[in-house]
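Just so you know, we're using numbering that gives the first Met the number 0 here: the sequence shown kicks off at 0 and counts up by one. For every residue, glycine included, the Cβ atom is placed at its ideal position computed from N, Cα and C. What you are looking at is a predicted structure, and each value in this text was computed from that prediction instead of being measured.
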Amino acid sequence: MGAGLSGAAAAWLLARRGFTVEVYEQAHVVGGHVRTEWFRGIPYEPHGAHIFHTNHRSVWDIVSRSVEFAPYRHRVLTRLRGHLVSWPPQKAELCALADFADIAQELTDRPGTVNESDFESYCVSVLGPTLYAESVRDYTEKQWGRHPRSLSAMVAKGRVELRDDGYALLFRDTYQGWPRRGYGELVEALLSRAIVHLGSKVTVDDLSEIARAGQPVIVTSALDDFLGEPDALQWRGVRLQPVYLPQTTLAQQAMVVNEPAATTAWTRSIETKWALGELHDVPGTIVMREYPGAQAKHYPVLDSAGENRRVQQEFEHRLRAYSRNQIHPAGRLATYSYINMDAAILSGLRVAEQIVAQGIS
């Protein structure tokens, strides 16, 4: 259930192992939130920036052999008091800030261990209180619609850090790139041997109509939806507003510019055109402003109290108790996880491998 990256990856592997695979997708296009649109030859992403990066050679081989990837290394900038600095911030770049002396002293006074009790405590122990307040606090409140202390430290791990090595790019993965003709082509390639039913929303109550008893079922949709309890889990969505600039080649200094100030309504602006070097000198670009609070399931809300995780675990228990079919959750939505694209693909592949090992078709 679901034709996003996890469902497509599972379908890719199962079809190549001799299984007949049927995929049911609620939307009328494949890809889920990983989708690329084009306007007058310029790419943009209606669900936000997606940069493919991985250290898993097996995952890279699958995607890069399915479609052509353009070489692209992702850089993010964040606006601090009128200055654009790299994200994650480099100590050397912070010297331009008026309150650098305070920031430097706070960095010296940081505790020896990171406080992982909640998101805010984690970030303050990494960045110090001043740099945290200027670069993360208001951005987080905008993005999540709640105080940072109410979020789990897991949201910050791997995303909030301070660097002092001169490496200004976001990711350090061995394999990085962007599909030259967009993510839609990638997902379609992975699904090329599957039977895909678009516009087909499926819940647990529909399984008796589409799957034989005993057939394995992979679910990549959110479990609150699949089990008929919409909104039992908390999600955070974003809305993207495109701005087309017909005479401009590139409007920003990087694909993504974060706007952490509370006085700026959007959280970041995204110029996907940066991913394709051959377009940099072509007039016309699209900048997407990302606003928080849309009714969409983009991000699971990993609260510091763990309440949403408990609800998710109860849903997973109900799946295991379902006797007619063996149901396997996979991917971001079904596992209620904040994960990268390679992890989403691995999730689908691992579930597919389990089914292959069981020999049930």
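Query raised in the report: Terminal residues of the continuous alpha helix (DSSP H) containing residue 365?
Result: No answer is possible for residue 365: it lies beyond the span of the chain, which begins at 0 and ends at 360.
Query raised in the report: So what's residue 13 in DSSP terms, helix, strand or just coil?
Result: Looking at residue 13 - three-state DSSP - the assignment turns out to be helix.
Query raised in the report: Does the distance from the C-beta atom of residue 75 to that of residue 286 stay below 8 Å?
Result: Contact: no.
Query raised in the report: How many angstroms separate the CA atom of residue 209 from the CA atom of residue 299?
Result: Cα to Cα, residue 209 sits roughly 29 Å from residue 299.
Requested in this report: Would you kindly report the start and end of the unbroken alpha helix (DSSP H) that includes residue 118?
Outcome: First-last of the alpha helix (DSSP H) with residue 118: 118-126.
Query raised in the report: How many angstroms separate the CA atom of residue 149 from the CA atom of residue 212?
Result: Cα to Cα, residue 149 sits roughly 43 Å from residue 212.
Query raised in the report: residue 37: buried (16+ other C-beta within 10 angstroms of its C-beta) or exposed?
Result: The residue in question, residue 37, is exposed, as its Cβ has fewer than 16 Cβ neighbours within 10 Å.
Requested in this report: Over the uninterrupted alpha helix (DSSP H) stretch that includes residue 99, give me the two end residues.
Outcome: Element bounds for residue 99: 99-107.
Query raised in the report: Run through DSSP, which three-state label would residue 246 get?
Result: Collapsing the DSSP output to three states places residue 246 in coil.
Query raised in the report: What are the residues that DSSP puts in a beta bridge with residue 257?
Result: Looking at the DSSP output, residue 257 sits in a beta bridge with 77, 267.
Query raised in the report: For the putative contact between residue 174 and residue 59, defined by C-beta atoms under 8 Å, what is the C-beta separation to the nearest angstrom?
Result: Indeed, because the Cβ distance is near 4 Å, the residues count as touching under 8 Å.
Requested in this report: Report yes if the CB atom of residue 236 is closer than 8 Å to the CB atom of residue 5, and no otherwise.
Outcome: Not in contact: residue 236 and residue 5 (Cβ atoms no closer than 8 Å).
Query - Residue environment, residue 322, which counts as buried when at least 16 other CB atoms sit within 10 Å - result: Its Cβ having fewer than 16 others within 10 Å, residue 322 is exposed.
Query raised in the report: Are at least three pairs of beta-carbons, each pair with one atom in the segment 47-62 and one in the segment 161-175, less than 8 Å apart?
Result: Verdict: yes, contact present.
Query raised in the report: Within 7 Å: the Cβ of residue 18 and any heavy atom of the ligand COA?
Result: The ligand COA is absent from the structure shown, which contains no ligand whatsoever.
Query raised in the report: Nearest to residue 344 by CA position, among 189, 311, 169, 115, is which residue?
Result: Answer by Cα proximity: 189.
Query - Three-way DSSP call (helix, strand, coil) for residue 272 in this model - result: Of the three classes helix, strand and coil, the one that applies to residue 272 here is helix, per DSSP.
Query - Three-way DSSP call (helix, strand, coil) for residue 147 in this model - result: Three-state DSSP puts residue 147 in a helix.
Query raised in the report: So, are the CB atoms of residue 303 and residue 117 less than 8 Å apart?
Result: Cβ distance < 8 Å, so residue 303 and residue 117 count as in contact.
Report task. Assign residue 328 to buried or exposed, taking buried as 16 or more other Cβ atoms, counted over all protein chains shown, within 10 Å of its Cβ. Result -> Under the 10 Å beta carbon count, residue 328 is surrounded by 16 or more other beta carbons and is classified as buried.
Query raised in the report: By the 10 Å Cβ neighbour count, where 16 or more other Cβ atoms means buried, how is residue 207 classified, buried or exposed?
Result: Result: exposed.
Report task. Taking residue 13 and residue 351 to be in contact with their CB atoms under 8 Å, please state how far apart those CB atoms are, rounded to whole angstroms. Result -> Here residue 13 really is in contact with residue 351; their C-beta atoms are around 5 Å apart, less than 8 Å.
**Report entry** the segment 15-25 contacting the segment 161-171, beta-carbon criterion three pairs below 8 Å
**Finding:** Flag = no, the segment 15-25 and the segment 161-171 do not touch.
Requested in this report: Pull up the distance between the alpha-carbon of residue 159 and that of residue 122, whole angstroms please.
Outcome: When rounded, the distance between both Cα atoms is 7 Å.
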